[in-house]
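Taking it in order: structure first as structure tokens, then the write-up.
Residue numbers (full-length UniProt numbering): 1 to 517.
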């Protein structure tokens, strides 16, 4: 049995990565079919810490409000050696209307809100119990064969987004190696419901008395639930460590005689892996299907959402004829560099947290015992990558840019009204004392860093593509055209594309699609 349509995009996997991809494409009016091998979502906290930039994506897609209402917002993270405070990381307090730096919400609740948004969108076709067992791509598209309870089905799409996680069936069907390493240390994760006398903020312990010689990470969740990660070491017998008696002893050693309920328990090892290529023809790999990082610093799911936002606007511009297909290769260029950076950061953290050599252990112990706070590494928190050397980041036109947003950096404005005007296409933040009535232009008040005539050209994913002094709004379409590599207008219907005819420069600054659901 087959689907006679050729949809613009097939998405494999409906975790946070795949669900966000479907909603992001729908935001640009691009239909998709989403295939997932499961019948529902697993429970447990799993990916818990959400960065402001991921929240901004979900705000644009219309599903962040219930997350903000339920989640635990925080901006302070403390690190201890045994029970002595060693380090405090504190983000700037959010201004009124600004999104919090981080929000803790268990992954199954995040997925619930994403699924609800998908159900409201007529452009998302979600199909559970569809296990991908075959792939074939040619010059025009990708054909997927999936096993279902009703028998095999065949589905045809222009592009395929593999968002099917660490055990990706797509990656295996492509025969791709997954280079990297798996750490020998095992960890236990427990979600515990208890009224603890702690502030609602994460805390990391080196050599806590409740876990001698190893580390503990504690994260707050809604409803008095706390996520606790215990490092066990590589020689631990997990079955013994997970026994009810052992878990009760372990929890009591941490929280004392307070009443508690064990909500969820699992164990895992850390992986550091990155595909050599994230794009294979018309197939793109995103999130855990493409890269795995240790969770300290919250770079897993947040990095996956950045993958999604990076790729989907490019697919939308290609599918609607605003850009040529060469734009899609910049997903590989930009996101591989970003994920390689994440690998380097988390590798350094793991060398400090779980030293593998005598020298690494000696260095770590000296730093902790001498309380050299500046050198302690319990996880550098996730931040978006800056695409400084990307082909989509145009060189400056000269002048002093000290204090200005960096070229290639991602902006999430504090003002919610400004945020609502971003993310629909290219947008120019234009410095002017008076409002500028032009397509794709958001006026900002001049200041010392951005005198009148200053322009920051933002891509649809919020990254700064160009910075200009003394540019006129009429010149902005040409600037977008340069970023996109001189796209040629197409009569899209002739090629089976989504959309209509792009026949003038101003269309490059017009919103592409709109909020759905």
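No residue lacks a Cβ here, since even glycine has one placed at the ideal position from N, Cα and C.
Legend entry - Backbone CA spacing between residue 455 and residue 396 [nearest angstrom]: By one-based count along the chain shown, residue 455 stands at place 455. By one-based count along the chain shown, residue 396 stands at place 396. Taking the straight line joining both Cα atoms gives about 11 Å.
Inset, instruction - Taking only the alpha-carbon atoms, compute the straight-line gap between residue 495 and residue 465 and give it to the nearest angstrom. - result: Taking the first residue of the chain shown as position 1, residue 495 is located at position 495. Taking the first residue of the chain shown as position 1, residue 465 is located at position 465. The pLDDT assigned to residue 495 is 34, lower than 50, so where the model puts this residue is not dependable; a value taken from the coordinates is nonetheless given after this. Their backbone Cα atoms lie some 29 Å apart in a straight line.
Inset, instruction - Within 10 angstroms of the Cβ of residue 191, are there 16 or more other Cβ atoms? Answer buried if so, exposed if not. - result: As a working mapping, residue 191 is identified with position 191 in the chain shown. Residue 191 should be labelled buried.
Legend entry - Beta-carbon contacts of residue 436 that lie in its chain and below 8 Å, excluding the five residues immediately before and after: What you label residue 436 is simply residue 436 of the chain shown in a count that begins at 1. Here the set comprises 430, 443, 473.
Legend entry - Cβ shell of residue 399 (< 6 Å), same chain only, five flanking positions each side left out: In the chain shown, residue 399 corresponds to position 399, counting from 1. Counting only Cβ-Cβ distances below 6 Å, and skipping sequence neighbours, we find 469.
Legend entry - Beta carbon of residue 518 nearer than 8 Å to that of residue 342: An answer regarding residue 518 cannot be provided, because it is not within the stretch 1 to 517 covered by the chain.
Legend entry - Range of the contiguous alpha helix (DSSP H) that encloses residue 358: Within the chain shown, residue 358 is the residue found at index 358, counting from 1. Note, residue 358: alpha helix (DSSP H), 358-369.
Inset, instruction - Could you please give the first and the last residue of the uninterrupted beta strand (DSSP E) stretch that includes residue 284? - result: Here residue 284 refers to the residue found at position 284 of the chain shown. Residues 283-285.
Inset, instruction - For my contact list, residue 16 and residue 107 are in at a C-beta cut-off of 8 Å; report their separation, rounded to the angstrom. - result: Position 16 of the chain shown, counted from the first residue, corresponds to residue 16. Position 107 of the chain shown, counted from the first residue, corresponds to residue 107. At roughly 7 Å, the Cβ-Cβ gap stays under 8 Å, so residue 16 and residue 107 are in contact.
Legend entry - When 262, 226, 329 are compared against residue 243, the one with the closest alpha-carbon: As a working note, residue 243 is residue 243 in the chain shown. Considering only alpha carbons, the answer is 262.
Legend entry - Through-space distance from residue 25 to residue 313, alpha-carbon basis: On the chain shown, position 313 is the one that residue 313 refers to. On the chain shown, position 25 is the one that residue 25 refers to. The straight-line gap from Cα to Cα measures roughly 8 Å.
Legend entry - Span separating the alpha-carbon of residue 62 from that of residue 199: Residue numbering aside, residue 62 sits at position 62 when the chain shown is read from its first letter. Residue numbering aside, residue 199 sits at position 199 when the chain shown is read from its first letter. Distance between the alpha carbons of residue 62 and residue 199: 30 Å.
Inset, instruction - Would you give the residue range spanned by the beta strand (DSSP E) that residue 188 belongs to? - result: Taking the chain shown and counting its residues from 1, the one referred to as residue 188 is at position 188. Run containing residue 188: 180-193, per the beta strand (DSSP E) assignment.
Inset, instruction - Less than 8 Å between the CB atoms is what I'm expecting for residue 9 and residue 161, so what's the real figure, rounded? - result: For the purposes of this step, residue 9 is identified with residue 9 of the chain shown, where counting begins at 1. For the purposes of this step, residue 161 is identified with residue 161 of the chain shown, where counting begins at 1. With a beta-carbon spacing of about 6 Å, residue 9 and residue 161 fall inside the 8 Å limit used to define contacts.
Legend entry - For residue 428, the residue or residues it bridges with in DSSP: Along the chain shown, one-based indexing puts residue 428 at 428. Assignment of beta-bridge partners to residue 428 by DSSP yields 441, 457.
Inset, instruction - Report the residue from 269, 375, 179, 87 whose alpha carbon sits nearest the alpha carbon of residue 203. - result: The sequence position of residue 203 within the chain shown is 203, counting from 1. With respect to the C-alpha of residue 203, the residue from 269, 375, 179, 87 having the closest C-alpha is 87.
Inset, instruction - Would you give the residue range spanned by the alpha helix (DSSP H) that residue 352 belongs to? - result: Translated into positions along the chain shown, residue 352 becomes position 352. If you look at residue 352, you'll find it in the alpha helix (DSSP H) that goes 329-353.
Legend entry - Distance between residue 379 and residue 102 (C-alpha atoms, nearest Å): Taking the chain shown and counting its residues from 1, the one referred to as residue 102 is at position 102. Taking the chain shown and counting its residues from 1, the one referred to as residue 379 is at position 379. Going from the Cα of residue 102 to the Cα of residue 379 covers about 14 Å.
Inset, instruction - Kindly indicate which residue of 57, 181, 256 has the alpha-carbon position closest to the one of residue 273. - result: As a position in the chain shown, residue 273 is number 273, starting the count at 1. The shortest C-alpha separation from residue 273 is found at 181.
Inset, instruction - Within its chain, find whatever has a CB closer than 6 Å to the CB of residue 406; leave out the 5 residues flanking it on each side and keep chain order. - result: Locating residue 406 in the chain shown gives position 406, where the first residue counts as 1. Within the same chain, residue 406 has close Cβ partners 386.
Inset, instruction - Closer than 6 Å by C-beta to residue 149: which residues in its own chain qualify, once you throw out the five before and the five after it? Chain order, please. - result: Numbered from its first residue, the chain shown carries residue 149 at position 149. Excluding sequence neighbours, residue 149 sits near 129.
Inset, instruction - Give the range of the alpha helix (DSSP H) segment to which residue 261 is assigned. - result: Position 261 of the chain shown, counting from 1, holds the residue named residue 261. That residue, residue 261, is in no alpha helix (DSSP H); its beta strand (DSSP E) goes 261-274.
Legend entry - Distance between residue 166 and residue 481 (C-alpha atoms, nearest Å): Numbered from 1 along the chain shown, position 481 holds the residue referred to as residue 481. Numbered from 1 along the chain shown, position 166 holds the residue referred to as residue 166. Each residue's alpha carbon lies about 37 Å from the other.
Inset, instruction - Below 7 Å CB to CB, which residues in the same chain sit around residue 109 once its five sequence neighbours on both sides are set aside? - result: Start at 1 with the first residue of the chain shown, and residue 109 comes out as number 109. Excluding positions up to five away in sequence, the list reads 70.
Legend entry - Neighbourhood of residue 297 by C-beta distance below 7 Å, restricted to the same chain and skipping five residues each side: On the chain shown, position 297 is the one that residue 297 refers to. Contacts found: 345, 346, 349, 379, 380, 381, 382.
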